[in-house]
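Before any comments, here is the structure.
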Amino acid sequence: MSSSLPVLAFAGIGLMGLPMSQRLLAAGFTLHVWNRSADKCQPLLEHGAIVVPTPGELCEQADVVMLCLADTAAVREVVFGAGGIVERARPGQLLVDFSSLEPAATREMAAELEERTGMRWVDAPVSGGTAGALAGSLAIMAGGRHEDIERVRPLLAHVGQRLTRMGEVGAGQVTKACNQMIVACNALVIAEVVALAERAGVDAALIAPALAGGFADSKPLQILGPQMAERCFEPVKWHVRTLLKDLDNAVKLAHEQGSATPMTGLAAQLMRLHGGHGYLEQDPSTLVKLYLPELL
Numbered sequence: 001m002s003s004s005l006p007v008l009a010f011a012g013i014g015l016m017g018l019p020m021s022q023r024l025l026a027a028g029f030t031l032h033v034w035n036r037s038a039d040k041c042q043p044l045l046e047h048g049a050i051v052v053p054t055p056g057e058l059c060e061q062a063d064v065v066m067l068c069l070a071d072t073a074a075v076r077e078v079v080f081g082a083g084g085i086v087e088r089a090r091p092g093q094l095l096v097d098f099s100s101l102e103p104a105a106t107r108e109m110a111a112e113l114e115e116r117t118g119m120r121w122v123d124a125p126v127s128g129g130t131a132g133a134l135a136g137s138l139a140i141m142a143g144g145r146h147e148d149i150e151r152v153r154p155l156l157a158h159v160g161q162r163l164t165r166m167g168e169v170g171a172g173q174v175t176k177a178c179n180q181m182i183v184a185c186n187a188l189v190i191a192e193v194v195a196l197a198e199r200a201g202v203d204a205a206l207i208a209p210a211l212a213g214g215f216a217d218s219k220p221l222q223i224l225g226p227q228m229a230e231r232c233f234e235p236v237k238w239h240v241r242t243l244l245k246d247l248d249n250a251v252k253l254a255h256e257q258g259s260a261t262p263m264t265g266l267a268a269q270l271m272r273l274h275g276g277h278g279y280l281e282q283d284p285s286t287l288v289k290l291y292l293p294e295l296l
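For the sequence shown, position 128 matches number 128 in the working numbering, and the numbering has no gaps at all.
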């Protein structure tokens, strides 16, 4: 291992955080990790990761601390809660947050962290799902100072195929909200399509391959279409609750900006309806059950 490599830290070893951390370890980085449920770190321990007992201790030796957490409240707790990053952070360190959060909250937390410790913030939410995390092909949309993003660009090349600076801190989160608006609305209409095709006597499993390369084609269609048609809801690759949280963030952002988002508002309500039926922890492929009630 080259001594010139920066030391990294990672908090949030979940569906996305685990494969991203595994890729960083495979690239030869020293990696300190923390997760609320420490047992989820076990696969990383076997490949040389160093587990620490509190988020703050991630800062002891790391040059860059990365987060991939569930929501704004989780990030705030890890950064500013008891034993949090704010207690050990120092000037010269960078926090890179892959989580999907409210843009305004991101800007507020970034300003507070820098004021109190000198540690700077890059919001870098990702798109591409667990498959992209495993392959290192994620799309990363970043907000932060130009020099900070360029500093982490070589590191993030190990987890993503593309890193785009969208603007100052918070701009990455705005872009992620736009991404999730497209993804969620797409997922819901794909569910409608599968149900309609089946009721009209068409084999819904043929929809995605038939439309491949055409104007209606998309990654969600090619992934979710077959899963919905084949009733293949496991393993869970992402969660309905995540899409709902991101849609709510998008609606809130639109309200703050005075921007009309009627499609996204409807998508949020449909996603909330589905989640209320017990599907919050399930894969979004289960959305087809909204339109085929016989599957319930």
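Glycine residues also receive a C-beta, built at the ideal position from the N, C-alpha and C atoms. Model, not experiment: these values are computed from the prediction.
Run of the alpha helix (DSSP H) containing residue i, from where it starts to where it stops
i, result
"Phe-80", "72-80"
"Ala-267", "262-274"
"Val-240", "240-257"
"Glu-147", "146-156"
"Ser-21", "17-26"
"Ile-190", "171-199"
"Arg-116", "103-117"
"Ile-207", "207-211"
Residue i versus residue j - alpha carbon distance
i, j, result
"Ala-62", "Leu-95", "10 Å"
"Ala-191", "Asn-249", "23 Å"
"Val-86", "Phe-233", "40 Å"
"Leu-280", "Leu-156", "30 Å"
"Met-141", "Pro-154", "15 Å"
"Ala-254", "Thr-175", "12 Å"
"Leu-31", "Met-20", "11 Å"
"Pro-103", "Pro-125", "11 Å"
"Phe-10", "Cys-59", "10 Å"
"Leu-287", "Glu-150", "39 Å"
"Trp-238", "Asp-283", "5 Å"
"Pro-6", "Asp-148", "14 Å"
"Leu-173", "Gly-14", "Checking the displayed sequence, the identity of residue 173 turns out to be Gln instead of Leu. The straight-line gap from Cα to Cα measures roughly 20 Å."
"Gly-225", "Ala-204", "8 Å"
"Phe-98", "Val-75", "10 Å"
"Gly-136", "His-158", "6 Å"
"Ser-2", "Met-66", "Annotation note: pLDDT 45 at Ser-2 (below 50); position unreliable, coordinate value reported separately. Spanning the two alpha carbons is a distance of roughly 20 Å."
"Arg-231", "Met-166", "38 Å"
"Gln-257", "His-146", "25 Å"
Cβ shell of residue i (< 6 Å), same chain only, five flanking positions each side left out
i, result
"Gly-201", "none"
"Leu-18", "none"
"Leu-134", "Pro-19"
"Ala-89", "Cys-59, Thr-117, Met-119"
"Asp-71", "Lys-245"
"Cys-185", "Met-263, Ala-267"
"Arg-162", "Ala-139"
"Trp-34", "Ala-11, Val-52, Pro-55, Leu-58"
"Gln-180", "Asp-246"
Element boundaries [beta strand (DSSP E), containing residue i]
i, result
"Val-33", "31-34"
"Val-122", "120-123"
"Leu-138", "138-143"
"Met-166", "160-167"
"Leu-67", "64-67"
"Leu-8", "8-11"
"Leu-95", "94-97"
Cβ-Cβ distance between residue i and residue j below 8 Å
i, j, result
"Gln-227", "Ser-285", "yes"
"Val-251", "Thr-264", "yes"
"Leu-45", "Val-51", "yes"
"Trp-121", "Ala-105", "no"
"Gly-83", "Pro-55", "yes"
"Asp-123", "Gly-160", "no"
"Ile-207", "Val-193", "yes"
"Val-240", "Gly-275", "yes"
"Gly-143", "Glu-114", "no"
"Val-64", "Leu-101", "no"
"Met-271", "Leu-247", "yes"
"Pro-220", "Ala-187", "yes"
Cβ neighbours of residue i in the same chain (closer than 7 Å, five flanking residues each side left out)
i, result
"Asp-217", "Leu-211"
"Tyr-291", "Ala-191, Glu-192, Ala-195"
"Leu-129", "Correcting the residue identity first, residue 129 is Gly in this sequence and not Leu. Excluding residues within five positions, the ones whose Cβ falls inside 7 Å are Lys-237, Trp-238."
"Arg-107", "Val-169, Gly-170"
"Ala-38", "Val-51"
"Phe-29", "Leu-5, Leu-8"
Contact belief for residue i with residue j at Cβ below 8 Å, rounded distance in angstroms
i, j, result
"Leu-24", "Gly-48", "Not confirmed; about 11 Å, so no contact."
Cut-off 8 Å between Cβ atoms - residues of its own chain near residue i, not counting five sequence neighbours on either side
i, result
"Gly-278", "none"
"Ala-260", "Ala-254"
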